[in-house]
Amino acid sequence: MIGLLCCQTVLAQKAPTENDYYKIVRMAIPEGITLEVGGLVSLPNGDVAVSTRRGDVYIIENYLSSKPTYRKFASGLHEILGLAYKDGYLYCAQRGELTKLVDQNGDGKVDKYQTVYSWPISGHYHEYSFGPKIGPDGSFYVTGNVGFGNSDWWAGKSLVPWRGWTMKISADGKMEPFAAGMRSPCGIGMVDGEFFYGDNQGDWQGSGFISHVEKGDFLGHPASLKWADRPESPVKMRKEMVFAQVDPKDNPFVKPEYVKNEAMTTIYELGKKTYPNMGIKSPAVWLPHGIMGVSTSEIITDETKGEFGPFAGQVFVGDQGMSKIDRVFLEKINGKYQGASFEFRSGFRSGVLRMTWGKDQQMLVGGTNRGWGSVGSEDYGLERLVYTGKIPFEMKAIRAMVDGFEIEFTQPANKKLAEDVNKYEVFNYTYKYHPVYGSPMVNRQDNAVRGAKLSEDGLRVRLVIDGMREGYVHAIKPDGVLSAQENIPLLHSSGYYTLNQIPAGEKANIQLVTPKRKPSKDVIDAGDKANTPDNQTKEAGPKKTAAKQVVTDKEAMALLTKNTCLACHKVNERAVGPAYTEIAKRKYSVAQLISLIKEPKPQNWPDFATPMAPMSHVPQKDLEKIATWIHSLGNK
279 MIGLLCCQTV
289 LAQKAPTEND
299 YYKIVRMAIP
309 EGITLEVGGL
319 VSLPNGDVAV
329 STRRGDVYII
339 ENYLSSKPTY
349 RKFASGLHEI
359 LGLAYKDGYL
369 YCAQRGELTK
379 LVDQNGDGKV
389 DKYQTVYSWP
399 ISGHYHEYSF
409 GPKIGPDGSF
419 YVTGNVGFGN
429 SDWWAGKSLV
439 PWRGWTMKIS
449 ADGKMEPFAA
459 GMRSPCGIGM
469 VDGEFFYGDN
479 QGDWQGSGFI
489 SHVEKGDFLG
499 HPASLKWADR
509 PESPVKMRKE
519 MVFAQVDPKD
529 NPFVKPEYVK
539 NEAMTTIYEL
549 GKKTYPNMGI
559 KSPAVWLPHG
569 IMGVSTSEII
579 TDETKGEFGP
589 FAGQVFVGDQ
599 GMSKIDRVFL
609 EKINGKYQGA
619 SFEFRSGFRS
629 GVLRMTWGKD
639 QQMLVGGTNR
649 GWGSVGSEDY
659 GLERLVYTGK
669 IPFEMKAIRA
679 MVDGFEIEFT
689 QPANKKLAED
699 VNKYEVFNYT
709 YKYHPVYGSP
719 MVNRQDNAVR
729 GAKLSEDGLR
739 VRLVIDGMRE
749 GYVHAIKPDG
759 VLSAQENIPL
769 LHSSGYYTLN
779 QIPAGEKANI
789 QLVTPKRKPS
799 KDVIDAGDKA
809 NTPDNQTKEA
819 GPKKTAAKQV
829 VTDKEAMALL
839 TKNTCLACHK
849 VNERAVGPAY
859 TEIAKRKYSV
869 AQLISLIKEP
879 KPQNWPDFAT
889 PMAPMSHVPQ
899 KDLEKIATWI
909 HSLGNK
């Protein structure tokens with residue numbers, strides 16, 4: 279009887295949630311302050327400086343109390359999207375300049391706005407400027423968004439010099455163009471003294487990612503190469519070299535003279551095989567679209583030495599659209615960065631844009647959703663993310679090995695389960711490098727797990743797998759592994775390792791077996807089918823659309839997940855875009871829904887700040903089923 283009661287207690291135990299380990303604490307904002315956070319930095323005296331998209335800077339004193347004091351330090355600036363502190367002064371990036379904020383008389387307010395360096399602007403609304411971040415030599419790094427055209431709205435354009443570039447600016451105002459190929463570089467940060475940036479899914483960007491940036495790098499978006507032949511440019515890549523690799527059927531905007539009938543599949547292949555000495559940089563770590571996020575933001579390193587939990591030294595990456603923070607483990611193989619991305623904490627009140635460390639070694643998170651919608655329903659917010667002291671059962675790290683991977687856990691794992699190869703699912707895939715907005719996950723290949731060996735302390739398991747591929751993301755899912763002590767599952771059971779280089783080393787001394795587990799046909803079973811010429815160009819037959827089909831909720835969810843639709847839409851809730859139930863109330867026909875998915879009309883939804891990108895790359899059969907399912911919601 280006692281054994282039965284214990285068993286029932288274990289079965290009834292509530293599964294841990296993110297909130298059990300990291301709590302989101304709302305910070306009070308005084309009435310009358312619209313705190314659309316664009317910049318956030320801690321000051322040496324323990325105060326916090328916050329800049330807003332509306333051009334104000336506030337100093338928050340006693341921020342850990344229930345009634346913090348907000349003091350306006352500066353105002354009248356032009357959309358501040360970054361803030362840094364250096365040698366007693368705050369610096370910010372406005373639309374058109376890097377500005378030093380000087381309080382000459384010590385009254386707690388700026389009385390001198392000193393231009394460090396100014397750059398050209400065309401006046402296009404999308405020419406955001408981000409930064410600065412301060413390098414080890416005291417120089418400032420600032421990045422600039424590209425603009426967009428009119429007839430081809432989603433195609434990024436560098437309308438004036440250095441849009442889509444990183445600029446490195448010295449303290450005395452000397453600028454050197456540093457790197458090109460950026461589309462929407464809101465996410466920037468220093469990692470171990472080296473500059474990193476993150477970008478969003480879009481044209482030429484298959485998904486979000488973070489990348490190590492070195493002088494002369496080209497990061498993928500060719501609009502910025504308009505200025506690459508200037509004498510001060512360190513970038514060797516040229517626009518026509520990129521366009522020469524593009525398949526015409528993928529390329530509605532490219533001039534015919536730039537095109538040959540041979541498509542490069544990924545930016546990794548373009549850089550490594552075609553132009554290895556031209557500074558073409560593939561991402562250090564991909565952030566799978568719709569899983570990790572949809573709009574990459576701040577990059578910060580955990581410098582708390584364990585005060586914020588078991589991830590000291592790792593990188594946290596914000597996401598505005600999905601109002602969440604991800605975690606990244608980085609390692610260097612042959613001098614190049616690569617590593618794994620993991621989900622970390624969701625549920626913030628607005629779009630996560632900026633993060634910093636407070637004086638208590640806990641994280642401060644600033645949000646805004648103006649200009650880009652967010653899952654968090656509030657227009658702006660300032661919150662603290664506080665570690666509870668309880669260690670979650672997580673994959674702390676994934677490391678590449680010559681014949682597989684090593685997973686490090688935060689707690690000892692159950693030996694029997696951890697050494698059962700059937701408890702793991704591993705597959706790899708990549709993204710297309712093309713001018714179309716985003717990319718589905720393509721070229722999927724399942725990787726059989728042939729061996730698993732747990733270390734004596736239970737914290738590391740060595741996996742031997744078949745079919746590792748350089749330049750591919752490897753999804754690693756030990757979802758059948760439990761912790762040794764509490765018998766609980768992993769808090770987040772998926773990691774995504776970007777394998778740029780397979781390391782050298784000795785193969786594992788593990789007895790190999792044939793797994794019984796069959797490959798799943800889940801979210802990323804699109805494979806190459808989503809990008810074949812037939813699926814990209816074939817139209818529906820003569821009115822034989824899906825009007826008479828019956829599409830189950832389960833089938834619809836699989837298709838919506840596969841095509842990353844759930845990154846912006848939910849069934850019953852407003853997110854970045856309207857809920858599917860709200861769309862169904864418009865009584866569109868199935869044919870109209872298919873047309874609107876391919877060519878959205880943002881004017882139909884004026885209450886949503888973020889216009890939907892064209893989804894013409896979604897296979898026709900998927901479009902028909904998705905549209906049929908949305909249409910059916912109007913009858914439920």
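So for the sequence shown, the numbering used here puts the first residue at 279; every next one is plus one. Quick reminder that beta carbons are idealized off the backbone N, C-alpha and C, glycines included. Quantities reported herein were computed from a predicted structural model and do not represent experimental measurements.
| said: T582 and T708 - do their beta-carbons sit closer together than 8 Å? | reply: no
| task | Grab the span of the alpha helix (DSSP H) containing A834 for me, first residue to last. | result | 831–840
| Taking C-beta to C-beta, are P781 and V704 nearer than 8 Å? | no
| message | Suppose only complete runs of 3+ residues qualify. What are the beta strand (DSSP E) ranges in the segment 695–747, listed by chain order? | response | 703–709, 719–724, 727–732, 738–743
| query | Short check: CB of V497 to CB of K559, under 8 Å? | reply | Per the sequence shown, residue 497 should be read as Leu rather than Val. In contact: L497 and K559 (Cβ atoms closer than 8 Å).
| Excluding the five sequence neighbours on either side, which residues of its own chain have a C-beta within less than 8 Å of the C-beta of K936, listed in chain order? | The chain is shown only over 279 to 914; residue 936 falls outside these bounds and no answer can be derived.
| said: Can you list, in chain order, the residues of its chain with a C-beta nearer than 6 Å to that of M453? Leave out the 5 residues immediately preceding and following it. | reply: Y395, M445, I447
| Are the segment 398–415 and the segment 352–363 in contact at 8 Å, needing three or more beta carbon pairs? | yes
| Can you tell which of N700, A691, T830 has its C-alpha closest to the C-alpha of S910? | T830
| request: Could you say which of P346, K345, A327 lies nearest to A352 if we only look at CA atoms? | output: A327
| Is the number of C-beta pairs between the segment 664–678 and the segment 758–778 that are closer than 8 Å three or more? | yes
| field | Q898 versus V335: straight-line alpha-carbon distance, rounded | value | 49 Å
| query | Is N555 buried or exposed, if buried means 16 or more other CB atoms sit within 10 Å of its CB? | reply | exposed
| field | Segments of 3+ residues assigned as beta strand (DSSP E) that fall wholly inside the segment 643–683 | value | 658–665, 673–679
| query | Which stretch, first to last residue, makes up the beta strand (DSSP E) that contains H490? | reply | 486–490
| Going by beta carbon distance, what residues of the same chain come within less than 7 Å of Y348, once the five residues before and after it are set aside? | P308, I311, Y336, I338
| query | Among residues of its own chain, excluding the 5 on either side of P561, which ones have a beta-carbon nearer than 7 Å to its beta-carbon? | reply | F487, I488, S489, T776
| said: With H, G and I counted as helix, E and B as strand and the rest as coil, what does DSSP make of M519? | reply: helix
| request: Keeping to the same chain, check which residues put their C-beta closer than 7 Å to that of D580; ignore five residues upstream and five downstream. | output: F586, F589, A590, G591, Q592, F594
| field | Range covered by the alpha helix (DSSP H) that runs through T859 | value | 858–862
| query | Looking at P713 and W440, is the spacing between their C-beta atoms short of 8 Å? | reply | no
| said: Is the separation between the beta-carbon of G599 and that of G651 shorter than 8 Å? | reply: yes
| Inside the segment 309–345 only - beta strand (DSSP E) runs reaching at least 3 residues | 315–320, 326–330, 335–339
| Under the three-state DSSP convention, the category D298 falls into | helix
| Is the segment 416–424 close to the segment 383–393, with three or more CB pairs under 8 Å? | no
| Is it the case that the Cβ atoms of D389 and T666 are separated by a distance below 8 Å? | no
| task | Look at the alpha carbon of V520 and the alpha carbon of S462, and state the distance between them as a whole number of angstroms. | result | 19 Å
| On the premise that Q372 lies in contact with S407, defined as a C-beta separation below 8 Å, what is that separation, rounded to the nearest angstrom? | 7 Å
| query | With 16 other CB atoms within 10 Å as the buried threshold, where does G749 fall? | reply | buried
| said: Tell me which residues share the same chain as G682 and place their Cβ nearer than 6 Å to its Cβ, disregarding the 5 neighbours each side in the sequence. | reply: L741, V742, I743
| message | For a test of the three-state rule: what should DSSP assign to H402, helix, strand or coil? | response | coil
| said: Measuring straight from C-alpha to C-alpha, what distance separates V513 and S436? | reply: 15 Å
| message | Suppose contacts are defined by Cβ-Cβ distances below 8 Å. Is V699 in contact with V727 by that definition? | response | yes
| message | Between the alpha carbons of T634 and G644, how many angstroms are there, rounded? | response | 9 Å
| query | Any idea if K796 is buried or exposed, counting beta-carbon neighbours within 10 angstroms, 16 or more meaning buried? | reply | exposed
| said: Taking the beta carbon of V606 as the centre, do at least 16 other beta carbons fall within 10 Å, making it buried, or is it exposed? | reply: buried
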